[in-house]
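**Q** Dumping the structure here so I can ask a few things about it.
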Amino acid sequence: MRQLTICIISALLFMVLLTTCAIADPSNEGVAGAGTFYIDVVIPPTSAAIDTMLRDWVDNLYVPMLVQNGALSETMRGDVRLGFSFTFEGEQFIGVAMRGTLGDTVLTESLNINKETGTFVAPWEILDYAQAGPILSKLRDQITERSPQAEPYLYDMSPSWLTGVYLTDGGLAVPINTGRFLPGFEGDFRFVLPYEALGAAFLLAGTPDFPPTPIEAPYLPIPEPTPRQNEIFTDTHAHSTNHDSILDYLPEPEPADVPRRPMIALTFDDGPSVFTGMILDILEQHNARATFCVLGNRVKNWENTILRAVAGGNEIIGHSWNHTNMTNQSRANAIDAIRNTDDAIYAVTGTRTPLFRPPFGDINSQLESVAAELGYGILMWSIDPQDWRENHQSPDFIYQWIMNQARDGSIVVLHDIYLSTVQAMEKLIPRLIADGFELVTASELIIEHYGDIEPGKRYNGIRIR
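Per numbering that gives the first Met the number 0, the sequence shown runs over residues 0 to 464.
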């Protein structure tokens, strides 16, 4: 009997001591070399409800995402080890940081939990992005204090910098990849903003865990870029990984000269794919149109999808041959990438487009010159939910990000290679139409708002200032 009691106590202690090992064998269709793999999950002692939430998140969201993104391919296959730590534990809310490994790859993620409702808390439920100016200003100060060389890359900071926030004991943590403001560098920085400095943008103020009347944060405007900063993003040295960084230099059309209709252009990059047809289903259902920016090396294998898109009034434009950064190419190679892609589209559709979209949104003076020479306008964007980021691949996140910024003349960049984007469109497209927007192709929007498409000119749509 004594031995049995000792065994029971030992088993209970083992359960409390953090470590659980799970074996997963997901459906890995299309993932070369993927098979059975092991998931080691380490969660600190907590309530059964929170423990279950995190394990369900791993099993039903995180691991399937790794499979979908190809992280469990033959070259990166291995055991997944995920460790959770609680960065904030209040009466109502919990902040969670996850750090893991998959072979030599480091995995990071941040989560927030509402204990009362038993649900995860999205970033836009913590911050009002419409009032994020003071927060971005303070974040900019912290970044430049740590890395003064980053200052030229920070003039265009937008709420997208705040999409990974999570609660900590010391304030709201903002994880940022250094490549976002120091191109060519890898690694993550974490900046922590005191809760009392978040001002009116902090939506959790007044809950049991936070003071009811936060101190109003003074607005410190982000300074206008100097001519030197302007040169960084428009000369041949442009290499920002923040897709929005070059767009603020585009002149806004004069209001008196531009007739306005309430229209938005949804654009989808990097396809076609198995998800493109699903988006076409939604567009057809709501009599809407969009622009698909396709890769030349995918055109031949997806001829039927492209023909269906054109038959539905949608636009097909080139997005390079294989998504290589064209600012790093020779002039001759850049010309070939644009021409070969357009030739592949023409062979299927029998039509040519006056636009092309550069990979990553990266552009320099040489590429502008090539576009002008070949007769293409350069399609950019004004709204970017960054649906390609792991922590952005939630249909609700994508939907809310676009709805928060949608306005007449907006051009939205998305990717028709993610199921989460398709799911967001199921809600977004009917909502935009119900709000009075006409969903049109990029060419239609540009001609309506700018009067014509000028070769070599960048078109970003109407930005929120």
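Yeah, the Cβ is synthetic: ideal placement off N, Cα and C, and Gly gets one too.
If you pair each beta-carbon of the region 419-436 with each one of the region 278-287, do three or more pairs fall below 8 Å?
**A** Touching, yes.
**Q** Could you pull the DSSP bridge partners for Y458 from this structure?
**A** Counted from its first residue, the sequence shown places residue 458 at position 459. BP columns for Y458 point to L378.
**Q** Counting Cβ pairs, one atom from each stretch, are 3 or more of them under 8 Å apart for the region 356-372 and the region 304-324?
**A** The region 356-372 is in contact with the region 304-324.
**Q** Mind checking E314: buried by the 16 CB within 10 Å criterion, or exposed?
**A** As a working note, residue 314 is residue 315 in the sequence shown. Result: buried.
**Q** For L138, name the three-state secondary structure that DSSP assigns.
**A** Numbered from its first residue, the sequence shown carries residue 138 at position 139. Reduced to three states, the DSSP call for L138 is helix.
**Q** For the alpha helix (DSSP H) containing V309, list its first residue and its last residue.
**A** Against the sequence shown, residue 309 aligns to sequence position 310. Here the alpha helix (DSSP H) through V309 covers 302-310.
**Q** For the alpha helix (DSSP H) containing M277, list its first residue and its last residue.
**A** Here residue 277 corresponds to residue number 278 of the sequence shown, with the count starting at 1. Element bounds for M277: 275-284.
**Q** Taking Cβ positions, are G94 and Y165 nearer each other than 8 Å?
**A** Taking the first residue of the sequence shown as position 1, residue 94 is located at position 95. Taking the first residue of the sequence shown as position 1, residue 165 is located at position 166. In contact: G94 and Y165 (Cβ atoms closer than 8 Å).
**Q** When we look at the beta-carbon of N332 and count the other beta-carbons within 10 Å, is it buried (16 or more) or exposed?
**A** The residue labelled residue 332 in the question sits at position 333 within the sequence shown. Exposed.
**Q** Quick check on V40: buried or exposed, where buried means 16 or more other Cβ atoms within 10 Å of its Cβ?
**A** The residue you call residue 40 lines up with position 41 of the sequence shown. Flag for V40 reads buried.
**Q** Going by Cα to Cα distance, which pick from V79, T86, K114 is closest to A47?
**A** Position 48 of the sequence shown holds residue 47. Looking at the Cα atoms, K114 is the closest of the given residues.
**Q** Return the CA-CA distance between N459 and M379, expressed in angstroms with no decimal places.
**A** Taking the sequence shown and counting its residues from 1, one reaches residue 459 at position 460. Taking the sequence shown and counting its residues from 1, one reaches residue 379 at position 380. Rounded to the nearest angstrom, the two C-alpha atoms are 5 Å apart.
**Q** Leaving aside the five residues before and after T348 along the sequence, list all residues of the same chain whose C-beta is less than 8 Å from its C-beta, in chain order.
**A** Numbered from 1 along the sequence shown, position 349 holds the residue referred to as residue 348. Here the set comprises I305, L306, V309, I315.
**Q** Using C-beta distances below 7 Å, list every residue in its chain close to Q392, excluding the 5 sequence neighbours before and after it, in chain order.
**A** The sequence position of residue 392 within the sequence shown is 393, counting from 1. Correct list, in chain order: M64, D386, Y417, S419.
**Q** Taking the C-alpha atoms as reference points, what is the distance between I49 and W400?
**A** Against the sequence shown, residue 49 aligns to sequence position 50. Against the sequence shown, residue 400 aligns to sequence position 401. Computed Cα separation, rounded: 27 Å.
**Q** Using a Cβ-Cβ cutoff of less than 8 Å, which residues in the same chain neighbour Q365 once the five nearest sequence positions on both sides are dropped?
**A** Here residue 365 is taken as the residue at index 366 of the sequence shown, counted from 1. Around Q365: T235, T326, R330, A333.
**Q** Is the CB-CB distance between T162 and L153 below 8 Å?
**A** Along the sequence shown, read from residue 1 onward, the residue named residue 162 stands at position 163. Along the sequence shown, read from residue 1 onward, the residue named residue 153 stands at position 154. Against a cut-off of 8 Å, the Cβ pair of L153 and T162 comes out as no contact.
**Q** What does the alpha-carbon distance come out to for the pair T225 and N286?
**A** Start at 1 with the first residue of the sequence shown, and residue 225 comes out as number 226. Start at 1 with the first residue of the sequence shown, and residue 286 comes out as number 287. Bear in mind that a pLDDT of 39 at T225, under 50, signals an unreliable position, so the number given afterwards is only what the model happens to contain. Going by the C-alpha atoms only, they are around 45 Å apart.
**Q** Is the beta carbon of G432 sitting closer than 8 Å to the one on Q404?
**A** To locate residue 432, count along the sequence shown from 1; it is residue 433. To locate residue 404, count along the sequence shown from 1; it is residue 405. Note that residue 432 corresponds to Ile in the displayed sequence, not to Gly. Contact flag unset, no.
**Q** Could you name the residues that DSSP lists as bridge partners for M52?
**A** By 1-based counting over the sequence shown, the position of residue 52 is 53. DSSP lists no partner for M52.
**Q** Do you know whose CA, among R338, R388, A346, lies nearest E372's CA?
**A** For the purposes of this step, residue 372 is identified with residue 373 of the sequence shown, where counting begins at 1. For the residues R338, R388, A346, the minimum Cα distance to E372 belongs to R338.
**Q** If we count the other Cβ atoms within 10 Å of its Cβ and call it buried at 16 or more, is P384 buried or exposed?
**A** Here residue 384 refers to the residue found at position 385 of the sequence shown. It is buried - the Cβ of P384 has at least 16 other Cβ atoms within 10 Å.
**Q** Given that a residue counts as buried once 16 or more other Cβ atoms are within 10 Å of its Cβ, and exposed if not, what is D517?
**A** Since the first residue shown for the chain is 0 and the last is 464, residue 517 is missing from the structure and cannot be characterised.
**Q** So A96 is in the beta strand (DSSP E); what residue range does that whole segment cover?
**A** Along the sequence shown, read from residue 1 onward, the residue named residue 96 stands at position 97. Taken as a continuous stretch (DSSP letters only), the beta strand (DSSP E) holding A96 covers 92-101.
**Q** Can you round the beta-carbon distance between F291 and V421 to whole angstroms, since I take them to be within the 8 Å contact cut?
**A** Here residue 291 refers to the residue found at position 292 when the sequence shown is read from its first residue. Here residue 421 refers to the residue found at position 422 when the sequence shown is read from its first residue. Incorrect: roughly 13 Å between the Cβ atoms, too far for contact.
**Q** Taking the alpha carbon of L101 as the point to measure from, which residue in H414, V62, Q91, Y375 has its own alpha carbon closest?
**A** Numbered from its first residue, the sequence shown carries residue 101 at position 102. Checking every option, the nearest Cα to that of L101 belongs to V62.
**Q** Along the alpha helix (DSSP H) that carries D407, what are the first and last residues, could you check?
**A** For the purposes of this step, residue 407 is identified with residue 408 of the sequence shown, where counting begins at 1. Taken as a continuous stretch (DSSP letters only), D407 belongs to no alpha helix (DSSP H), as it is neither H nor E.
**Q** Going by other Cβ atoms of all chains shown within 10 Å of its Cβ, with 16 needed for buried, is R457 buried or exposed?
**A** By 1-based counting over the sequence shown, the position of residue 457 is 458. Looking at its Cβ environment, which holds 16 or more other Cβ atoms inside 10 Å, R457 is buried.
**Q** Here's the rule: buried if 16 or more other CB atoms are within 10 angstroms of the residue's CB, otherwise exposed. What is P207?
**A** In the sequence shown, residue 207 corresponds to position 208, counting from 1. So P207 ends up on the exposed side.
**Q** Let's test the definition: count the other Cβ atoms within 10 Å of the Cβ of V66 and tell me whether it reaches 16, buried, or not, exposed.
**A** Here the question's residue 66 lines up with position 67 in the sequence shown. Buried, because 16 or more other Cβ atoms sit within 10 Å of the Cβ of V66.
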